[in-house]
Amino acid sequence: MKPCADIDVTIFGSGVMSEDDGSGFCLDSDGTSSGPGAQDADGMPIYLSAIKEWMIELGASMVSISIRTDMAWYRLGKPSKQYALWYEPILRTAKIGRSIITMLKDQSRVARLSFADVIKRLSGFQKDHCAYISSDPAFVERYVVVHGQIILQLFSEFPDCRLKNVHL
């Protein structure tokens with residue numbers, strides 16, 4: 001969970017709320033989603049109070065973002081055009097974080113994979129890979145450093161204790 005108390009802007013949300021059937025969202029492919037938020041026609045329009053926290057949940061084939069207000073937790077579905085500019089960078093960074101976690105899990109010892117190795121592997125991804133940033137290692141390094149707080153938060157919440165204290 002990432003508390004919003006340390007930011008200097010109050011963020012509010014609005015959208016269409018539908019019942020959560022627990023199926024999750026698959027937002028990894030082409031920007032389309034499956035699950036209760038995929039249909040815009042079903043649901044009730046809502047206007048939320050200030051967002052207090054947000055959280056990214058990772059699965060093998062699932063990434064979802066949830067927000068908490070004073071009233072409840074809300075899992076976000078496919079964003080409207082006005083929220084896509086906020087949503088897409090976080091979703092992209094979560095996918096990159098998941099790819100780094102996969103790289104680290106594939107090592108016999110997590111410490112064997114250095115920051116430079118991670119950058120090299122990320123810059124080697126093809127353009128169609130969900131965690132593609134760029135083929136330029138300097139640009140990839142800048143992206144990972146700028147978004148490092150989100151990526152490290154994913155590490156700290158990952159259930160594998162070998163990854164909880166990773167410091168790239």
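Every letter in the sequence shown is one number past the one before it in full-length UniProt numbering, and letter 124, counting from 1, is 124. Think of the CB as a built atom: it goes at the ideal place given N, C-alpha and C, for glycine as much as any other residue.
Which listed residue (the options) has its alpha carbon closest to that of residue i
i           : options                       : result
Ser123      : Val110, Arg112, Ala138        : Ala138
residue 179 : Gly15, Val146, Phe155         : A query on residue 179 cannot be resolved here, the shown segment of the chain reaching from 1 to 168 and no further.
Gly15       : Asp70, Ile56, Ser61, Lys81    : Lys81
Glu19       : Phe12, Asp42, Ile51           : Asp42
Lys52       : Ala131, Tyr74, Gln153         : Tyr74
Pro79       : Met55, Leu91, Arg68, Trp54    : Leu91
Ser135      : Gln149, Gly148, Pro45, Lys120 : Lys120
Glu141      : Met44, Arg68, Thr93           : Thr93
Lys62       : Lys95, Glu157, Ala50          : For the sequence presented, residue 62 should be read as Met rather than Lys. Selected option, being the one with the closest Cα: Lys95.
Leu152      : Leu104, Ala60, Trp86          : Leu104
Tyr87       : Ala72, Ser64, Arg109          : Ser64
Val110      : Lys127, Phe155, Ile46         : Phe155
Within 8 Å, strictly: CB atoms of residue i and residue j
i      : j      : result
Ser66  : Leu76  : yes
Ile133 : Tyr143 : yes
Met17  : Met55  : no
Asp100 : Val118 : Residue identity differs from the one stated: residue 100 is Ile in this sequence, not Asp. Result yes, Cβ atoms of Ile100 and Val118 sit closer than 8 Å.
Thr69  : Ala50  : yes
Residue i CB to nearest heavy atom of the ligand NAP below 7 Å
i     : result
Asp20 : Among the components modelled here there is no ligand, and therefore nothing to report on the ligand NAP.
Anticipated Cβ contact below 8 Å, residue i with residue j, distance rounded
i      : j      : result
Gly13  : Leu48  : 4 Å
Ala116 : Phe125 : Rounded, the Cβ-Cβ distance is 16 Å, inconsistent with contact.
Span of the alpha helix (DSSP H) around residue i
i      : result
Tyr143 : 137-146
Met103 : 81-105
Ile119 : 115-123
N-terminal and C-terminal residue of the beta strand (DSSP E) that residue i is part of
i     : result
Arg68 : 63-68
Phe12 : 12-17
Met55 : 53-58
Arg75 : 73-75
Interface flag, residue i vs chain B, CB-CB below 8 Å
i     : result
Gly13 : The structure shown contains no chain B; it holds only a single protein chain.
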